[in-house]
Amino acid sequence: MKKATTAHLKRLQLVKPYLGRLLLGFLAMLVAAGLQLAFPKALSYFMDNISENNTTDWYTLPAILAFVGFVLYCIASAV
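Under my numbering, think of the first position of the sequence shown as 93, with each following residue one higher.
Right, dumping it as structure tokens:
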């Protein structure tokens, strides 16, 4: 058992030069997961509070931005 553990620790030293890249990739994954979880929450907040303001003039710009964001998200997810 001790031999196997030592072999794994030796292999782990090969990762040392790439540690910064690995941590950056891990951070990018955390940010992406957080954004994927935050998008539906923000959308639900917008949908729930949309009726508080009776004017509909301001809906156009957020709708266009949401659509553009959705298209970019779909393109990024497909690649």
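We treat Cβ as the ideally placed atom computed from N, Cα and C, and that holds for glycine.
Would you identify the three-state DSSP class for Val171, choosing helix, strand or coil? coil
Using a Cβ-Cβ cut-off of 8 Å (strictly less than) and excluding sequence neighbours within five positions of Tyr135, which residues of its own chain qualify? At residue 135 the sequence reads Leu, which differs from the Tyr that was named. Hits under 8 Å: Ala158.
Determine the contact status of Val123 and Leu114, defining contact as a CB-CB distance below 8 Å. no
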